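For what it's worth, our numbering labels the leading residue of the sequence shown as 11, then goes sequentially.
Data block below; observations after.
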Amino acid sequence: MNAQVGTNIMGVAGYQTLSATQGKAGFTVREVNGHFRHTSRNEAVVRFLGIVIILGAFIQHLVPDTLFGGNPAMTKVLLSVAFSCVGIALYSFAVRGHRSEIVFDPLRQDICISKLDRRGNLRLTKHIPLSQIKSIYVLKAETPGVPSKLRVKMMGDQPEISALRGPYEEIELMHRQLCRVIRIAQS
Numbered sequence: 011m012n013a014q015v016g017t018n019i020m021g022v023a024g025y026q027t028l029s030a031t032q033g034k035a036g037f038t039v040r041e042v043n044g045h046f047r048h049t050s051r052n053e054a055v056v057r058f059l060g061i062v063i064i065l066g067a068f069i070q071h072l073v074p075d076t077l078f079g080g081n082p083a084m085t086k087v088l089l090s091v092a093f094s095c096v097g098i099a100l101y102s103f104a105v106r107g108h109r110s111e112i113v114f115d116p117l118r119q120d121i122c123i124s125k126l127d128r129r130g131n132l133r134l135t136k137h138i139p140l141s142q143i144k145s146i147y148v149l150k151a152e153t154p155g156v157p158s159k160l161r162v163k164m165m166g167d168q169p170e171i172s173a174l175r176g177p178y179e180e181i182e183l184m185h186r187q188l189c190r191v192i193r194i195a196q197s
């Protein structure tokens with residue numbers, strides 16, 4: 011454990027965008043909710059719009075049939091199906107999670123990258139064995155104010171995965187710590 015007062019497990023005091031905790035089998039780093047509050051707000055708005063569109067699919071059955079051309083029953087059913095599909099797609103996108111968490115498990119020799127919803131619940135999880143990872147690097151943002159990304163490059167033709175986002179300095183420190191712990195676990 012880190013014996014310094016006022017620092018977290020990574021040895022750095024005052025992370026603004028990342029939260030690091032150490033467990034029995036490794037450590038966990040997640041994006042802090044406060045920094046990504048716009049993401050949380052956007053998730054809530056998109057979820058609300060999805061629900062409103064789904065409800066709108068059924069409310070249009072209250073409209074008089076004279077406003078619909080052709081076969082009103084068929085038109086209403088098709089509109090209901092279309093609105094329901096769009097609403098479900100929006101709602102599904104909103105609840106998939108927009109913050110990230112990365113967990114390194116030295117016993118299993120893998121990294122688990124998860125998406126968190128606005129309540130901090132895991133939504134999508136991907137376990138990656140260390141043997142399948144080609145490299146882990148920091149992608150620095152080209153424009154100021156845009157977060158840098160910790161990227162995981164996979165072996166073969168698999169696409170790269172963005173594991174964490176945040177200011178360059180914090181992501182770089184987290185990258186160094188992660189690589190150090192992986193080297194120790196592999197030796």
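The beta carbon of each residue, even a glycine, is placed where N, CA and C say it ideally should be.
Just so we're clear, the structure is a prediction, and the values are computed from it rather than from any experiment.
Could you tell me the boundaries of the beta strand (DSSP E) in which V148 lies? 143-149 is the extent of the beta strand (DSSP E) around V148.
From Y147, G107, D120, pick the residue whose C-alpha is nearest to that of K163; which is it? From the listed residues Y147, G107, D120, the smallest Cα separation to K163 is found for Y147.
In three-state DSSP terms, what is G80? G80: coil per DSSP, three-state reduction.
Euclidean distance between Cα positions of I112 and S124: Spanning the alpha carbons of I112 and S124 requires a straight line of approximately 6 Å.
Near V56, which residues of its chain fall below 7 Å by C-beta distance, leaving aside the five closest residues on each side in sequence? Apart from sequence neighbours up to five positions away, the residues of its chain that approach V56 with a beta-carbon distance below 7 Å are L100, F103, A104, ordered along the chain.
Following the continuous beta strand (DSSP E) through V162, name the residue where it begins and the one where it ends. From DSSP, the beta strand (DSSP E) with V162 extends over 158-164.
Return the chain-ordered list of same chain residues with a C-beta closer than 6 Å to the C-beta of K86, the five sequence neighbours on each side being excluded. Around K86: H71.
Span of the beta strand (DSSP E) holding H137? Note, H137: beta strand (DSSP E), 132-139.
In this structure, does DSSP put Q32 in helix, strand or coil? The DSSP-derived three-state label of Q32 is strand.
What distance in whole Å lies between the Cβ atoms of R106 and R133, which are believed to be in contact at a cut-off of 8 Å? Their Cβ separation, rounded to whole angstroms, is 5 Å, which keeps R133 and R106 in contact under 8 Å.
Just checking my contact of A54 with S94 at CB under 8 Å: how many whole Å lie between their CB atoms? At roughly 21 Å, the Cβ-Cβ gap does not stay under 8 Å, so A54 and S94 are not in contact.
Would you mind stating whether P169 and T27 have Cβ atoms separated by less than 8 Å? With respect to the 8 Å criterion, P169 and T27 are not classified as neighbours on the basis of their beta carbons.
With 16 as the cutoff for other CB atoms within 10 Å, does R193 come out buried or exposed? With fewer than 16 other Cβ atoms within 10 Å, it is exposed.
Have a look at the DSSP bridge pairing and note the partners of K125. S110, L134, per the DSSP bridge assignment.
Nearest-angstrom beta carbon gap, L126 and R40 [assumed within contact, 8 Å]: So it is a contact: roughly 6 Å between Cβ atoms.
Got a sec? Which residues, its chain only, sit under 7 Å from M11 by beta carbon, not counting five neighbours each side? Confidence at M11 is low in this model, with a pLDDT of 32, below 50, so the placement of that residue is unreliable and no value is reported for it.
Should G16 be labelled buried (16 or more other beta-carbon atoms within 10 Å of its own) or exposed? Here G16 scores only 37 on pLDDT, less than 50, and its place in the model is too uncertain to base an answer on.
Backbone CA spacing between R118 and P139 [nearest angstrom]: So the two alpha carbons sit approximately 8 Å from each other.
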